[in-house]
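Student:
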Amino acid sequence: MLMSKHNKEFFLGLALFFVVEICWFFALFIVPAEKMQGEVYRIIYLHVASAVTTFLAAFILMIFSILSLRSQADRWMHLGRASAEVGLIFTVLTLITGSIWGRPTWGVYWTWDARLTTTLILGILYAGYLVLYSSFPHGQERSRASAILGILIFSCVPVIYKSVTWWRTLHQPPTLIREGGSTLSPEFLYLLIASIFSMVLLSLWFISVRAKNLALKHEIESLSV
Amino acid sequence: MGYVSNANALPYLIAAYGIGFAVIVGYGYFLVTERARLLRIRQEVKNMHEAEPS
């Protein structure tokens, strides 16, 4: 019997989940400890992957917002809404994991430094997008208002990224993309890239499924009228 | 950056990865069950429309 498209989608998600878990297994049990931070540095594989996913979600949100301003098609709105939701989830995860990592390394769970503060602002903007989306009924007004905010949200991303070089911060400077190449040893670097890649793929699956669910919901509402 | 002894790292690692796991599994579960629920509702609405007298 042929697998239905829903089952195929489910098994794809399951496969991506296992890839993420394999990366975490390597992060926790295989790669060696770091010279300065010891074992606690292993949070990097989750924290950085979540942060990259957050930035990617903002970029995707911007693209779908531009598309929805141009064509008003429902699917762009659903994809935008899904991107904002996934972006918010991973922003919260970034802040929580960063906070947990901060306690043993900086001595505090939170500080109002540039990187942490700008990331928090991004999370608030994502939440604001979801509230704005919900406050309008389906239609052109919702589409336009959400799309404008969706485009503005992406403007935070370069500020967050450059915050560690523009201002004096507690947060460490870039380790991956920097002049002279990454400061990480190869055994750390390859796993970090794999962790980021797997988390990004999983988040794209989340966005796709959530957008389809929103479209299904809209279809049901149309049928019920 | 300060040095943290290996013995103290375990609670932080469990907390971070535990929360990460819960978030990913929780959201994935929500998406899958939401899809199943919506498909069921859509089918019920379609059945209702088909059952209505013309």
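Line by line, the protein sequences give chains W and L. When you line the first sequence up against the working numbering, it's residues 1 to 225, in that order. When you line the second sequence up against the working numbering, it's residues 1001 to 1054, in that order. Heads up, the beta-carbon is just placed ideally off N, CA and C, and yes, glycines get one too.
In this structure, how does DSSP classify GLY139 (chain W) when only helix, strand and coil are distinguished?
Tutor: If DSSP states are grouped into helix, strand and coil, GLY139 (chain W) belongs with coil.
Student: Is there at least one Cβ from chain W nearer than 8 Å to GLU1055 (chain L)'s Cβ?
Tutor: Because residue 1055 (chain L) is not part of the residues shown, which for chain L are 1001 to 1054, the question remains open.
Student: If I follow the unbroken alpha helix (DSSP H) through SER71 (chain W), where does it start and stop?
Tutor: Per DSSP, SER71 (chain W) belongs to the alpha helix (DSSP H) from 44-71.
Student: Can you pull out the residues from the stretch 1033-1045 of chain L whose beta carbon lies closer than 8 Å to at least one beta carbon of chain W?
Tutor: Answer set for the stretch 1033-1045 of chain L: GLU1034, ARG1035, LEU1038, LEU1039, ILE1041, ARG1042 and VAL1045.
Student: Using only alpha-carbon positions, find the residue among W:ALA145, W:ALA114, W:THR53 and W:THR119 that is nearest to LEU204 (chain W).
Tutor: W:THR53
Student: If I'm right that ILE96 (chain W) touches ILE1024 (chain L) with Cβ under 8 Å, what's the distance once you round it to whole angstroms?
Tutor: That pair is no contact at about 13 Å.
Student: Tell me which residues share the same chain as LYS5 (chain W) and place their Cβ nearer than 7 Å to its Cβ, disregarding the 5 neighbours each side in the sequence.
Tutor: none
Student: I want to verify the contact list: residues of chain W whose CB lies under 7 Å from the CB of TYR1027 (chain L), in sequence order.
Tutor: ILE89 and PHE206
Student: Is there a Cβ of chain W sitting closer than 8 Å to that of ASN1008 (chain L), yes or no?
Tutor: yes
Student: Considering only residues of the same chain and omitting the five flanking positions on each side of ASP113 (chain W), which have a CB-CB separation below 7 Å?
Tutor: Correct list, in chain order: THR169, LEU170 and HIS171.
Student: Within 8 Å (strictly less), CB to CB, does PRO104 (chain W) reach chain L?
Tutor: Answer yes: the Cβ-Cβ gap between PRO104 (chain W) and chain L drops below 8 Å somewhere.
Student: Along chain L, which residues have their Cβ under 8 Å away from the Cβ of LEU28 (chain W)?
Tutor: LEU1013 and TYR1017
Student: How many angstroms separate the CA atom of LEU28 (chain W) from the CA atom of THR105 (chain W)?
Tutor: 18 Å
Student: Is there at least one Cβ from chain L nearer than 8 Å to GLY13 (chain W)'s Cβ?
Tutor: yes
Student: Sorted by chain position, which residues of the same chain lie with C-beta nearer than 7 Å to ALA127 (chain W)'s C-beta, five sequence neighbours on each side aside?
Tutor: LEU88
Student: Check the DSSP bridge columns for GLY38 (chain W) and list the partner residues they point to.
Tutor: W:GLU34
Student: Output, in chain order, the set of chain L residues within a Cβ distance shorter than 8 Å of LEU249 (chain W).
Tutor: Nothing about residue 249 (chain W) can be reported from this structure: the residues present for chain W run from 1 to 225 only.
Student: What does TRP101 (chain W) reach in chain L if we use C-beta pairs closer than 9 Å?
Tutor: TYR1012 and ALA1016
Student: Throw me the rounded Cβ distance for the ARG81 (chain W) and TYR161 (chain W) pair, which I believe falls under 8 Å.
Tutor: Not quite, the Cβ-Cβ distance comes to about 25 Å (not below 8 Å), so this is no contact.
Student: For PHE17 (chain W), which residues in chain L fall below 8 Å Cβ to Cβ?
Tutor: Under the 8 Å cutoff, chain L gives ILE1024, VAL1025 and GLY1028.
Student: Helix, strand or coil: which one does DSSP assign to TRP101 (chain W)?
Tutor: helix
Student: Can you give me the start and stop residues for the alpha helix (DSSP H) that GLU219 (chain W) sits inside?
Tutor: 186-224
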